[in-house]
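Novice: Have a look at this one.
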Amino acid sequence: MKKVIMGNHALSYGAMLARSEVIAAYPITPQTQVVELLSEMCADGTLHAKFIKVESEHSAMAACIGASLAGARTFTATSSQGLALMHEMLHWASGGRHPVVMGNINRSMAPGWSIWTDQNDSLSQRDTGWMQFYCASNQEVLDTTIQAFKVSEALYIPSMVILDAFALSHTYEVVDVPDQAVVDRFLPKFKPYARVTPDEPHAFNGLTGPENYFELRYKLQKDMERGPALIEETGLEFERLFGRRLRLVDDYLCNDAEIILVTSGTAGYTARVAVDQMRKAGLKVGNLRMRVFRPFPFDACRRILPKAKKIAVVDRNISYGHHGMFAQEVKSALYQHAGHPPVFSFIAGLGGRDITPGTFREVVDYTKAHETPEDNILWIGVKK
Amino acid sequence: MPKKKDATKIVFESEKDVPMMPMSLGSMLFNKTGSWRNIRPEIKLEECIQCGICWKFCPDMSIEIENEWPVVDYDFCKGCGICAEECPTKCIVMVEERK
Chain P
45 MKKVIMGNHA LSYGAMLARS EVIAAYPITP QTQVVELLSE MCADGTLHAK
95 FIKVESEHSA MAACIGASLA GARTFTATSS QGLALMHEML HWASGGRHPV
145 VMGNINRSMA PGWSIWTDQN DSLSQRDTGW MQFYCASNQE VLDTTIQAFK
195 VSEALYIPSM VILDAFALSH TYEVVDVPDQ AVVDRFLPKF KPYARVTPDE
245 PHAFNGLTGP ENYFELRYKL QKDMERGPAL IEETGLEFER LFGRRLRLVD
295 DYLCNDAEII LVTSGTAGYT ARVAVDQMRK AGLKVGNLRM RVFRPFPFDA
345 CRRILPKAKK IAVVDRNISY GHHGMFAQEV KSALYQHAGH PPVFSFIAGL
395 GGRDITPGTF REVVDYTKAH ETPEDNILWI GVKK
Chain L
2 MPKKKDATKI VFESEKDVPM MPMSLGSMLF NKTGSWRNIR PEIKLEECIQ
52 CGICWKFCPD MSIEIENEWP VVDYDFCKGC GICAEECPTK CIVMVEERK
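What follows is the structure, given as structure tokens:
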């Protein structure tokens with residue numbers, strides 16, 4: 045059924061259709077309507093889930109981990125400082141192999157207080173062992189949420205479904221909300237690897253000495269490496285049932301492009317509009333929108349990007365003292381590739397500053413005019 | 002199955018045998034936390050009413066009930082004193098360890 049819904053509610057519907065069994069959340073800002081709608085669904089019986097109100101995001105994730113260990117499909121949502129407060133528990137979720145799915149609305153980190161979008165909140169959690177999916181439309185948010193459960197539960201690795209504050213979270217779009225029966229066929233009940241039960245008592249997540257810890261981490265990485273193929277496979281299976289395909293990366297007119305823009309989130313769709321405009325003006329530009337950040341789609345990057353003469357990565361985030369984080373990752377993916385094209389690292393749109401087609405035009409004009417970048421960071425839109 | 006290198010630690014020969022989750026690795030068996038203790042609980046059984054509260058409250062499961070009487074497992078008791086605090090007849094006394 046087609047509905048006009050905001051991005052936050054696309055997450056709620058995704059979690060509902062996935063038949064989440066336990067939802068734990070802290071209800072105060074930076075929380076969004078994601079869990080508000082879910083709490084209403086739990087109250088009116090639309091969703092048979094236990095909704096746990098907790099006193100902090102740290103506790104929300106702790107509750108999800110406990111519920112997952114008890115064998116329940118679990119979901120939560122947060123944003124910015126809330127995600128930062130969860131940091132410790134994010135490691136517990138991935139290290140304990142609890143396939144929790146979480147929605148994160150990309151909001152800039154305080155101070156100054158901000159509820160507007162950039163990616164520093166989720167990218168600060170890069171190394172916690174979570175998969176990260178960056179969405180560009182409300183439909184994609186819903187579809188990704190359902191697929192994230194499937195991939196997470198196959199790998200026993202938690203997932204973050206990430207969407208831009210306001211640009212998606214509070215923007216209404218037409219979304220095809222699939223039938224429950226079809227979603228049930230796609231996503232069967234969660235089968236825990238092991239769970240807390242009196243029938244088979246175990247001690248979980250206890251003291252682990254050097255004799256075993258190393259192998260646990262090796263296995264986490266090995267399973268993460270299975271991610272890219274599994275995400276593609278899951279995308280295909282989803283397409284067969286629902287007619288929509290999501291891939292690791294969304295490449296647009298990259299084959300003959302001289303300059304490829306690398307983007308993520310809603311900026312990726314803005315870039316498409318910009319690419320269309322620039323193509324009309326005779327500029328050979330393409331766009332590679334990164335949907336999945338962890339596991340990093342090395343193969344897709346190495347297949348698509350070296351065809352271009354230059355690569356312009358537009359980051360809505362910054363690693364202070366280095367540069368944009370997608371730019372870092374793209375460079376590291378291409379480094380082994382002999383004769384790879386130069387990578388320009390642009391920063392734009394921090395703290396919810398708009399990224400417009402004009403932003404990309406500026407990026408392309410600079411990239412076209414320079415053989416190599418003049419600086420480690422090229423800032424777009426700083427008032428000078 | 003785990004291969005036991007010695008009588009205490011569970012050491013796996015190959016990563017394939019290690020469970021995916023850190024579960025039941027036997028670590029609490031060899032890590033005898035009783036050595037951390039500065040004060041030890043001593044139970045005066047003549048005043049004990051066999052209520053089981055010490056058994057229930059012990060966070061380290063270091064109080065066993067044997068033949069209906071509480072017995073402290075000094076290999077693992079860290080000497081936190083919760084049992085003594087909770088005991089309704091105050092028959093558990095914390096005594097300084099002399100090592």
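Going down the list, the protein sequences come from chains P and L.
Heads up, the first sequence is in the numbering used here, so the first residue is 45 and it goes up one at a time.
Heads up, the second sequence is in the numbering used here, so the first residue is 2 and it goes up one at a time.
Note that CB positions come from ideal geometry on N, CA and C, so glycine has one too.
Here the structure is a predicted model, which means the values were calculated and not measured.
#1: For Ser124/P, does the three-state DSSP call read helix, strand or coil?
#2: Output yes if chain L places a C-beta closer than 8 Å to the C-beta of Thr215/P; else output no.
#3: Quick one, which residues of the segment 241-255 of chain P are near chain L if we go by CB-CB under 7 Å, in chain order?
#4: What are the residues that DSSP puts in a beta bridge with Ala356/P?
#5: Can you pull the chain P neighbours of Ser25/L, defined as C-beta to C-beta under 7 Å?
#6: Unbroken beta strand (DSSP E) runs of length 3 or more, entirely within the segment 151-218 of chain P: which are they?
#7: Restricting to Cα atoms, I'd like to know which of Lys194/P, Glu99/P, Asp171/P, Lys97/P is closest to Ala59/P.
#8: Out of curiosity, what's the CA-to-CA distance linking Glu86/L and Glu97/L?
#9: CA-CA distance, Thr118/P and Asp243/P?
#10: Smallest Cα separation from Gly396/P: which of Lys97/P, Asp208/P, Asp88/P, Ser196/P?
#11: Is it true that the CB of Gly173/P sits closer than 8 Å to the CB of Leu113/P?
#12: Could you list which residues in chain P have their beta carbon closer than 9 Å to that of Met21/L, in chain order?
#13: Does the Cβ of Met45/P have 16 or more other Cβ atoms within 10 Å, making it buried, or fewer, making it exposed?
#14: Residues in the same chain with beta-carbon distance under 6 Å from Met50/P, minus the five sequence neighbours each way, listed in chain order, please.
#15: Are the C-beta atoms of Asn143/L and some chain P residue less than 8 Å apart?
#16: In the DSSP output, which residue or residues are listed as bridge partners for Thr118/P?
#17: Just mark Gly393/P as buried or exposed, buried being the case when its beta carbon has 16 or more other beta carbons within 10 Å.
#18: Which of the three DSSP states is assigned to Tyr257/P in this structure?
#19: Decide if the segment 339-358 of chain P is in contact with the segment 287-294 of chain P; the criterion is three or more beta carbon pairs, one per stretch, under 8 Å apart.
#20: Could you check if Gly89/P is buried or exposed, using at least 16 other CB atoms within 10 Å of its CB as the buried criterion?
#21: Under 8 Å Cβ-Cβ, which residues of chain P neighbour Met29/L?
#22: Please compile the residues from chain P whose C-beta is within a distance smaller than 8 Å of the C-beta of Lys10/L.
#23: Can the beta-carbon of Phe388/P be found less than 8 Å from the beta-carbon of Leu422/P?
#24: How long is the line joining the alpha carbons of Glu65/L and Phe58/L, rounded to whole angstroms?
#25: Mind checking whether Val66/P and Gly147/P have CB atoms under 8 Å apart?
#26: Identify whether Gly330/P lies in helix, strand or coil by the three-state DSSP scheme.
#27: Can a CB atom of chain P be found closer than 8 Å to the CB of Asn32/L?
#28: Any C-beta of chain P sitting closer than 8 Å to the C-beta of Glu16/L?
#29: Tell me which residues share the same chain as Ser363/P and place their Cβ nearer than 6 Å to its Cβ, disregarding the 5 neighbours each side in the sequence.
#30: For the alpha helix (DSSP H) holding Pro74/P, just list the boundary residues, first then last.
#31: Whole angstroms is fine: what's the gap from Thr73/P's alpha carbon to Phe177/P's?
#32: Please determine if the segment 309-329 of chain P and the segment 274-283 of chain P are in contact, where contact requires at least 3 C-beta pairs separated by less than 8 Å.
#33: Checking 8 Å against the spacing of the C-beta atoms, do Ile96/P and Ala87/P come in under that value?
#34: Would Phe58/L count as contacting chain P if we go by Cβ distances under 8 Å?
#35: Report yes if the C-beta distance between Cys88/L and Ile54/L is below 8 Å; otherwise report no.
Specialist: A quick look at the data gives this:
#1: Against the first sequence, residue 124/P aligns to sequence position 80. The answer is helix: DSSP assigns Ser124/P an H, G or I state.
#2: Taking the first sequence and counting its residues from 1, the one referred to as residue 215/P is at position 171. Closer than 8 Å: no.
#3: His246, Ala247, Phe248, Asn249, Gly250, Leu251, Thr252, Gly253, Glu255
#4: As a working mapping, residue 356/P is identified with position 312 in the first sequence. Answer is Leu305/P, Phe388/P.
#5: To locate residue 25/L, count along the second sequence from 1; it is residue 24. Those are His246, Ala247, listed as they occur along chain P.
#6: You should have 175-178, 203-208.
#7: By one-based count along the first sequence, residue 59/P stands at place 15. Taking Ala59/P as reference, the option from Lys194/P, Glu99/P, Asp171/P, Lys97/P with the minimal CA-CA separation is Lys194/P.
#8: On the second sequence, position 85 is the one that residue 86/L refers to. On the second sequence, position 96 is the one that residue 97/L refers to. Cα-Cα distance, rounded: 16 Å.
#9: Within the first sequence, the letter at position 74 stands for residue 118/P. Within the first sequence, the letter at position 199 stands for residue 243/P. Using only the alpha carbons, I get a separation of about 22 Å.
#10: What you label residue 396/P is simply residue 352 of the first sequence in a count that begins at 1. A check of alpha carbon separations from Gly396/P across Lys97/P, Asp208/P, Asp88/P, Ser196/P identifies Asp208/P as the nearest.
#11: Taking the first residue of the first sequence as 1, we reach residue 113/P at position 69. Taking the first residue of the first sequence as 1, we reach residue 173/P at position 129. In this structure, Leu113/P lies away from Gly173/P, with their beta-carbon atoms at least 8 Å apart.
#12: Sequence index remark: in the second sequence, residue 21/L carries index 20 (1-based). Going along chain P in sequence order, the residues near Met21/L (Cβ under 9 Å) are Arg141, Tyr200, Tyr237, Ala238, Leu260, Lys263, Leu264, Asp267.
#13: For this step, residue 45/P is matched to residue 1 along the first sequence. Classification for Met45/P: exposed.
#14: To locate residue 50/P, count along the first sequence from 1; it is residue 6. Only His214, Tyr216 meet the Cβ criterion.
#15: Absent from the model: residue 143/L. The displayed extent of chain L is 2 to 100, so no value can be given.
#16: Taking the first residue of the first sequence as position 1, residue 118/P is located at position 74. Beta-bridge pairing links Thr118/P to Val66/P.
#17: For the purposes of this step, residue 393/P is taken as the residue at position 349 of the first sequence. It is buried - the Cβ of Gly393/P has at least 16 other Cβ atoms within 10 Å.
#18: The sequence position of residue 257/P within the first sequence is 213, counting from 1. In the structure shown, Tyr257/P sits in a helix (DSSP, three-state: H, G or I).
#19: yes
#20: Locating residue 89/P in the first sequence gives position 45, counting from the first residue. So Gly89/P ends up on the exposed side.
#21: Along the second sequence, read from residue 1 onward, the residue named residue 29/L stands at position 28. Under the 8 Å cutoff, chain P gives Ala247, Gly250, Leu251.
#22: Here residue 10/L refers to the residue found at position 9 when the second sequence is read from its first residue. The answer, in chain order, is Gly253, Glu255.
#23: In the first sequence, the residue the question calls residue 388/P occupies position 344. In the first sequence, the residue the question calls residue 422/P occupies position 378. The answer is yes: Cβ separation under 8 Å.
#24: Your numbering for residue 65/L matches position 64 in the second sequence. Your numbering for residue 58/L matches position 57 in the second sequence. Cα to Cα, the separation comes out at about 12 Å.
#25: For the purposes of this step, residue 66/P is identified with residue 22 of the first sequence, where counting begins at 1. For the purposes of this step, residue 147/P is identified with residue 103 of the first sequence, where counting begins at 1. It is not a contact, given that the beta carbons lie outside the stated cut-off.
#26: As a working note, residue 330/P is residue 286 in the first sequence. Three-state result, Gly330/P: strand.
#27: Indexing the second sequence from 1 puts residue 32/L at position 31. Yes, Asn32/L lies at the interface with chain P (some Cβ there is under 8 Å from its Cβ).
#28: Sequence index remark: in the second sequence, residue 16/L carries index 15 (1-based). Yes - at least one Cβ of chain P is within 8 Å of the one on Glu16/L.
#29: Taking the first residue of the first sequence as 1, we reach residue 363/P at position 319. For Ser363/P, where only same-chain residues beyond five positions count, the Cβ hits under 6 Å are Met369.
#30: Here residue 74/P corresponds to residue number 30 of the first sequence, with the count starting at 1. Premise fails: Pro74/P is in no alpha helix (DSSP H) and is neither H nor E.
#31: Reading the first sequence from its first residue, position 29 is the one you call residue 73/P. Reading the first sequence from its first residue, position 133 is the one you call residue 177/P. Roughly 22 Å separates the two Cα atoms.
#32: Too few Cβ pairs lie closer than 8 Å, so no.
#33: To locate residue 96/P, count along the first sequence from 1; it is residue 52. To locate residue 87/P, count along the first sequence from 1; it is residue 43. Not closer than 8 Å, so no.
#34: Your numbering for residue 58/L matches position 57 in the second sequence. For Phe58/L, the answer is no, since every Cβ of chain P falls outside 8 Å of its Cβ.
#35: In the second sequence, counting from the first residue as 1, residue 88/L sits at position 87. In the second sequence, counting from the first residue as 1, residue 54/L sits at position 53. Yes, the Cβ-Cβ distance between Cys88/L and Ile54/L is below 8 Å.
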